[in-house]
Amino acid sequence: MSADSGPQTRIVAGRYALGEVIGRGGMGTVWRATDKVLERQVALKEISFSVHLTDDERRILRERTMREARAAARLDHPHVATVYDVVEEDGKPWLVMEHVSARSLQDIVETEGPLPPQVVARIGLDVLDALDAAHDAGIVHRDVKPANVLVGRDGAACLTDFGIATTTGDSSLTTHGALIGSPSYMAPERAYGDEPRPPVDLWSLGATLYTAVEGRPAFDRGEPMATLMAVVQEHPAPMLRAGPLEPVLRGLLTKDPAQRSTVGQAREQLQAVLRGAVPPPPPPPPGAAPPPPPANRPLPGDAVARLDSDDLRALASASKALLGSVARDARDQARHLAEKRRERKDTERHGPPAAPRKRRRFKRRWVVVPVLTTVVLIVLLLAGAAWALLAVLGLL
3 MSADSGPQTR
13 IVAGRYALGE
23 VIGRGGMGTV
33 WRATDKVLER
43 QVALKEISFS
53 VHLTDDERRI
63 LRERTMREAR
73 AAARLDHPHV
83 ATVYDVVEED
93 GKPWLVMEHV
103 SARSLQDIVE
113 TEGPLPPQVV
123 ARIGLDVLDA
133 LDAAHDAGIV
143 HRDVKPANVL
153 VGRDGAACLT
163 DFGIATTTGD
173 SSLTTHGALI
183 GSPSYMAPER
193 AYGDEPRPPV
203 DLWSLGATLY
213 TAVEGRPAFD
223 RGEPMATLMA
233 VVQEHPAPML
243 RAGPLEPVLR
253 GLLTKDPAQR
263 STVGQAREQL
273 QAVLRGAVPP
283 PPPPPPGAAP
293 PPPPANRPLP
303 GDAVARLDSD
313 DLRALASASK
323 ALLGSVARDA
333 RDQARHLAEK
343 RRERKDTERH
353 GPPAAPRKRR
363 RFKRRWVVVP
373 VLTTVVLIVL
383 LLAGAAWALL
393 AVLGLL
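Under our numbering, the first residue of the sequence shown is numbered 3, with each subsequent residue one higher.
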């Protein structure tokens, strides 16, 4: 029986009465529901994997969702939408979550446009606290993005949808090299197939806050592979509205996870922005980036995509070639600059070099001809003197 037929009366798992749809995404549909046992409102997410997957990948993701949602249910934090349970019906996993009376950050930016830096800093601090608690519990969210951040009327934020989270240390379930997620918010190391670690969530937080303050994703190129290529190889689009948030975003969007801002560093920076203690950077030149999308228009970059292992290998190969070329250019440039620097230091220390002396270069014939002429004259003089002497002595 489909969840779309009679949603007002359908009971899931013999307990949850479905109400209206309150959200849709690449991984399923979220319903408002009533828990008939505890008589409370809940959010019920039907995991449907609408992105193209093979039957085997669907089975693996279903098993992973069941396992990891139960792990996420351990979290108890004011800025985490609690996962109460996970049930299975009609071969699909359903996440039973706390119902939060709030709008998604995705919806807010789509309808209202970019948010002020201080408002975004408040949201960032709340999500950062939620991620810190998850990481302490050994859970990596892996899908932090505006659609999964709920913002209440008081400005407080809540992180939801731990359905594709992973518990560090658990045995991994694989989808044969396919990568599932939203490329605009996916950390570069995930594109290389590295095991998800807490820094991937910090990157995604940076990309999410960038979208909130700028009104557009930092890397969206309109197509999943092109977007992921930009994530791996390019800098974020120039920031026009971030103001004091710009250093925070650059720290979180550092491509090397070892150099990326930590939770503590990001928290300190966001608190400074919230207090207004950070002076805004100089404004960027006009026309440096496109304007944000107009209100009431879907925000690009949030769609869930399936990237095959062949795509990821091609991405890694292209990135390696590009990085090699960049490294060679950087090495040549560094060598050139080092030579210039060395010449400048020598000039400062010893003064400008003296002009080189002009050496007189003689042609060989200018030496050989006079010498031979002199030798011939001497021989002739000696021969003449000898002849005269013999004549005087009467020997001739």
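For glycine and all other residues, C-beta sits at the position ideal for the given N, C-alpha and C.
Whole-angstrom distance between residue j and residue i, CA atom to CA atom
| i | j | result |
| --- | --- | --- |
| E112 | R26 | 15 Å |
| L107 | V151 | 6 Å |
| S263 | R72 | 29 Å |
| G224 | V39 | 45 Å |
| S186 | V233 | 7 Å |
| V202 | L97 | 23 Å |
| P259 | I141 | 17 Å |
| A323 | P226 | Any reading at A323 is ruled out, since the residue's pLDDT is 48, under 50, leaving its predicted position unreliable. |
| D269 | L133 | Note on identity: in this sequence residue 269 is Arg, with Asp being the wrong assignment. Cα to Cα, R269 sits roughly 11 Å from L133. |
| L251 | A209 | 8 Å |
| R69 | A75 | 10 Å |
| R277 | K257 | 28 Å |
| A220 | M99 | 30 Å |
| V122 | A214 | 7 Å |
| V381 | L374 | 11 Å |
| T176 | Q267 | For T176, the predicted model reports a pLDDT of 48, less than 50, meaning its position is unreliable; a value from the coordinates is still stated below. Distance between the alpha carbons of T176 and Q267 is about 33 Å. |
| R42 | A83 | 15 Å |
| Q120 | A244 | 10 Å |
| V44 | R61 | 26 Å |
| G16 | D196 | 40 Å |
| P57 | A139 | Per the sequence shown, the amino acid found at residue 57 is Asp instead of Pro. Those two C-alpha atoms are separated by around 32 Å. |
| L325 | H237 | With a pLDDT of only 46 at L325, under the threshold of 50, the placement of this residue in the model should not be trusted; the figure read from the coordinates follows. Roughly 14 Å between the two C-alpha positions. |
| R351 | T229 | 51 Å |
| E59 | E65 | 10 Å |
| D131 | R105 | 19 Å |
| A385 | V378 | 11 Å |
| G183 | M231 | 14 Å |
| V88 | W33 | 14 Å |
Coil, strand or helix - residue i by DSSP
| i | result |
| --- | --- |
| D156 | coil |
| Q235 | helix |
| M68 | helix |
| S399 | In this structure the chain extends from 3 to 398, so residue 399 is not present and cannot be described. |
| G183 | strand |
| V275 | helix |
| R351 | helix |
| V328 | Low confidence applies to V328: its pLDDT is 42, below 50, so where it sits in the model is not reliable enough to give any reading. |
| M188 | coil |
| P259 | coil |
| Y194 | coil |
| G217 | coil |
| T376 | helix |
| E341 | helix |
DSSP beta-bridge partners of residue i
| i | result |
| --- | --- |
| Y18 | V14 and D37 |
| M99 | A45 and V85 |
| T31 | R26 and E48 |
| V151 | L161 |
| K94 | E91 |
Within 8 Å, strictly: CB atoms of residue i and residue j
| i | j | result |
| --- | --- | --- |
| L46 | V14 | yes |
| V23 | T11 | no |
| L204 | L254 | yes |
| P116 | E216 | yes |
| P246 | V265 | no |
| L207 | V129 | yes |
| P95 | R144 | no |
| L49 | T36 | With the sequence shown as reference, residue 49 is identified as Ile, and Leu is not the correct amino acid for it. For I49 and T36, no; Cβs fall outside 8 Å. |
| A136 | L77 | yes |
| L127 | L20 | no |
| L161 | H81 | yes |
| said: Taking contact to mean 3 or more Cβ pairs, one atom from each stretch, closer than 8 Å, check whether the region 189-197 and the region 155-162 are in contact. | reply: Three or more Cβ pairs closer than 8 Å define a contact, and the region 189-197 falls short of that threshold against the region 155-162.
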